[in-house]
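Trainee:
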Amino acid sequence: MEEKKFDPNSLIGFILLFGIVVWMWYTQQPTDAEVAAEKAKKELVVKEEANAVSSPKSNESSVVAASNDTLQTAKLQKTLGNFAYSAGLPSAKGGVTTIENDLVILKIANKGGYIVEATLKNFERFKKGSGELVKLVNDNNASLNIQLFTNDNHTLNTKDLYFEPTLTKNGEDQILSMRLKAGANEYLEYKYVLKANDYMLDFDIQSQGLNKVLNTTKPLNLEWDLKTFTNEKSITYENRYSELYYEHEDGKSDYLGLGSQEDDVVQDVSYIAYKQHFFSSILLTKTAFEKAELQSTNLVKDSAIDTTFTKQFKAVVPLAFKNGEIDQSMNWFYGPTDYKLLKSYDRNLEDIVALGWGIFGWINRHAFIPMYGFLSLFISHGWAIVLFTILVKLVLSPITYKSFLSQAKMKVLRPEIAELGEKYKKEPMKKQQETMKLYNKAGVNPMAGCVPGLLQMPVFYALFQFFPSAIGLRQQSFLWADDLSSFDSIYQLPFTIPAYGNHISLFPILASIAIFFYMKMTTGDQQMAAPQQEGMPDMAKMMKIMIYISPLMMLIFFNGYASGLSLYYFISNSITIGIMLVIKNYIIDSDKIHAQIQENKLKEPKKQGKFQKKLQEVMEQQEAAKAQQKKK
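Spelled out as structure tokens, the structure:
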């Protein structure tokens, strides 16, 4: 038999084969994160089996929820290459970092790196003394996310990843850096800077070295969601003034509607404001976003059931790369929707306060806000409204006087107008012409009583916008009202009346009574004496009906409104009634007016005004057309 010889090639092959097997075994070992994930999953599965009889669905949810973070880290290691560096850091875990000043408390989570709680220290929910502070962000009602697109075609969301926090101070400024690391010098950073005694904080998003990891040909989408909590006594009233505002195209302010769902895509956006009546969460950018996809969804379908949230706001904006990196300087604002405060930032933020457009907004900004703000410095807000009302009525008193004087003159002429009506009973057009001649000879303008009322309309509408926006009234009590920014309920009904509500407010009742007597005093003389055009409804009858309809509308409409507004209308109409009684009984002398009118008749008639002249021409044309028609 042939003796076997030693073959060195076989030995070398065996060694190489052994090395390959060892290498394959080593490379197939799971990472530490995957081992931890599997261990956590097995432990929870054991727990699930132990409790399966009592609550199988609940245990299944617990397994998924508890192991999700660890599995996400493992996924990150597999799919994002260098970003696995962040997962191995001790800081890559749950937890929050708190920064605060005298006004706000902000908590920023490691997971996602965004604000998960924003508390306003000086404001309470629902009512004064509740002890529950207003939280604009809390209990996962908000999220901030950036979609990351990797070079190997993976998409990850920053809200699921862990950031490393570093908190420092520069004087009174608190600086929080939240970094999602892909290496020692490669990271995505959120930087928060909170100053002392300020609701506004700096917020920058920057990156370093990520152009090696991310696909920079695609803009990154920044997504900001917020469900706004209810903070006021009346959810219906609060929801009416909760809106999404934005500034775009170099200074234009606008807002989405109040429908069940509103959305829009706008260009060159410089701020996005999620306003919830008296409080706002605002994202501002120093370099305008190229565009913004905005959405507002009404969450209050039934105010008796939907009592936690008012609106769901959503915004998506692109963050553009600059030289392969992200560098976006922004600001956050979490605070009250206070006109003076917002205006102090000089960023047009005061435009989110609904003061009315055109002349109405001008009156509020330049008259009512300064006047009321000054008064409220020295006296309580309830008495400030009373004094504010008195001042407004004093300013308008000359107009009131002229209006009542015109009515007095018309009343004196009523007998003569009645004679003309009887004389030209069968000639309506002739009656109107002769009545206009009588007005002209007596020096009476039939429109003089209407013009003062029209001049007061901008003031009334401006006040209607002013009171719901006055945050100073919030939770301020007066007499039986515990909150002048909400309704003043004196009795809770055991049922709900459509359009009225389930409570009875007293100030609207008082305001309705005052309006009734005011209209009773002012309706009749001028309208009943005024000439009626043929075919038109009887103005006197219409006004008599309005005497009852207007107070009823006031009673229904204002029952759920701010009691401060109802208080104003009650005081305002009461003062007007008093002024009119004084004018009627102590200032205007009907005999003197009658004598003056008779004297005017002997003089050459005054030149007709443009309106009277035009009216005369129209009546003459109608008379001529009527005569022509009869000839045919």
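Residues in the sequence shown are numbered consecutively from 11, following the working numbering.
Virtual Cβ for every residue (Gly too), placed ideally from N, Cα, C.
If you're wondering where the values come from, they're calculated on a predicted model, not measured in any experiment.
Buried or exposed for P408, going by 16 or more other Cβ atoms inside 10 Å?
Mentor: Answer is exposed; the Cβ neighbour count stays below 16.
Trainee: Which class does E259 belong to by DSSP, given the choice of helix, strand or coil?
Mentor: Here E259 sits in coil by DSSP.
Trainee: For Q271, which three-state DSSP category applies?
Mentor: If DSSP states are grouped into helix, strand and coil, Q271 belongs with the strands.
Trainee: So N150 is in the beta strand (DSSP E); what residue range does that whole segment cover?
Mentor: From DSSP, N150 is part of no beta strand (DSSP E); its letter is neither H nor E.
Trainee: What residue ranges within the region 288-342 form continuous beta strand (DSSP E) runs of no fewer than 3 residues, ordered along the chain?
Mentor: Those beta strand (DSSP E) runs which fall completely within the region 288-342 and span 3+ residues are 289-308 and 319-329.
Trainee: Does the contact criterion of 3 or more C-beta pairs under 8 Å hold for the region 508-517 versus the region 371-390?
Mentor: No: fewer than three Cβ pairs fall under 8 Å.
Trainee: Considering only C-alpha positions, which residue in the set A192, L236, N120 and S479 is nearest to A364?
Mentor: Minimum Cα distance to A364 is reached at S479.
Trainee: For S280, does the three-state DSSP call read helix, strand or coil?
Mentor: In this structure, S280 counts as strand in the three-state DSSP scheme.
Trainee: Going by DSSP, what residue range makes up the beta strand (DSSP E) through S217?
Mentor: S217 -> beta strand (DSSP E) spans M210 to Q218.
Trainee: Evaluate contact between the region 250-257 and the region 274-284, counting only Cβ atoms and requiring at least three cross-stretch pairs below 8 Å.
Mentor: The answer is yes - the region 274-284 touches the region 250-257, with three or more Cβ pairs under 8 Å.
Trainee: Please state whether DSSP places F378 in a helix, a strand or coil.
Mentor: Reduced to three states, the DSSP call for F378 is helix.
Trainee: Can you confirm whether the region 325-338 touches the region 292-309 when touching is taken to mean that 3 or more C-beta pairs between the two stretches lie within less than 8 Å?
Mentor: Output reads yes: the region 325-338 touches the region 292-309.
Trainee: State yes or no: is the C-beta of F517 within less than 7 Å of the C-beta of F580?
Mentor: Contact: yes.
Trainee: Please report the distance separating the alpha-carbon of Y349 from that of W234.
Mentor: Going from the Cα of Y349 to the Cα of W234 covers about 24 Å.
Trainee: Using the Cβ count rule (16 or more neighbours within 10 Å means buried), how would you classify E248?
Mentor: Classification of E248: buried, given that the 10 Å Cβ count is 16 or more.
Trainee: Would you kindly work out how many angstroms separate the C-alpha atoms of K145 and I523, rounded to a whole number?
Mentor: Distance between the alpha carbons of K145 and I523 is about 40 Å.
Trainee: Using the Cα positions of N150 and D356, report the straight-line distance between them to the nearest angstrom.
Mentor: So the two alpha carbons sit approximately 31 Å from each other.
Trainee: For a test of the three-state rule: what should DSSP assign to D170, helix, strand or coil?
Mentor: Note: D170 maps to helix in three-state DSSP.
Trainee: Below 8 Å on the Cβ atoms is my contact criterion, and I expect L406 with V310 to pass it. Report the Cβ-Cβ distance as a whole number of Å.
Mentor: Not confirmed; about 38 Å, so no contact.
Trainee: Under the assumption that I587 contacts F527 (Cβ atoms under 8 Å), give the Cβ distance between them as a whole number of angstroms.
Mentor: With a Cβ gap of about 6 Å, I587 and F527 count as contacting.
Trainee: Tell me the rounded alpha-carbon separation between K435 and I589.
Mentor: Each residue's alpha carbon lies about 38 Å from the other.
Trainee: Measure the alpha-carbon distance for T160 versus R189 and round it to whole angstroms.
Mentor: For T160 and R189, the distance between alpha carbons rounds to 18 Å.
Trainee: Bridge partners for Q157 per DSSP, in chain order?
Mentor: Answer is N167.
Trainee: Buried or exposed, going by whether 16 or more other CB atoms sit within 10 Å of the CB of M556?
Mentor: Per the 10 Å Cβ criterion, exposed.
Trainee: Is there contact here, the region 117-126 with the region 134-145, by at least three beta-carbon pairs under 8 Å?
Mentor: As far as the Cβ criterion goes, the region 117-126 does not touch the region 134-145, which means the pair count is below three.
Trainee: Among the residues of its own chain, which have a CB less than 6 Å from the CB of I109, if the five just before and after it don't count?
Mentor: Around I109: L116, Q184, L186 and L204.
Trainee: Among G261, N111, S413 and A572, which one has its Cα closest to the Cα of L211?
Mentor: Cα-wise, what sits closest to L211 is N111.
Trainee: Quick check on the burial criterion: 16 or more other C-beta atoms within 10 angstroms. Buried or exposed for R424?
Mentor: So R424 ends up on the exposed side.
Trainee: If T238 and T317 are in contact, beta carbons under 8 Å, what's the gap, nearest whole angstrom?
Mentor: 13 Å between Cβ atoms; not a contact.
Trainee: From D7 to K594, what distance separates their C-alpha atoms?
Mentor: What is shown of the chain runs 11 to 642, which leaves residue 7 out entirely.
Trainee: In terms of residues, what are the limits of the alpha helix (DSSP H) holding W393?
Mentor: W393 -> alpha helix (DSSP H) spans H391 to K433.
Trainee: Please state whether DSSP places F527 in a helix, a strand or coil.
Mentor: The answer is helix: DSSP assigns F527 an H, G or I state.
Trainee: Which residues does DSSP list as the beta-bridge partners of W234?
Mentor: In DSSP, W234 forms a bridge with L154 and A325.
Trainee: Buried or exposed: where does G645 fall if 16 or more other Cβ atoms within 10 Å of its Cβ makes it buried?
Mentor: Residue 645 falls outside the range modelled here, since the chain spans only 11 to 642, and no answer is possible.
Trainee: Please go through the same chain and pick out, in chain order, the residues whose beta-carbon is closer than 6 Å to the beta-carbon of A75, but skip the five residues on each side of it.
Mentor: Because the pLDDT of A75 is 40, which lies under 50, any placement of that residue in the model is unreliable, and the question is left without a value.
Trainee: According to DSSP, is K103 part of a helix, a strand, or is it coil?
Mentor: In the structure shown, K103 sits in coil (DSSP, three-state: anything other than H, G, I, E or B).
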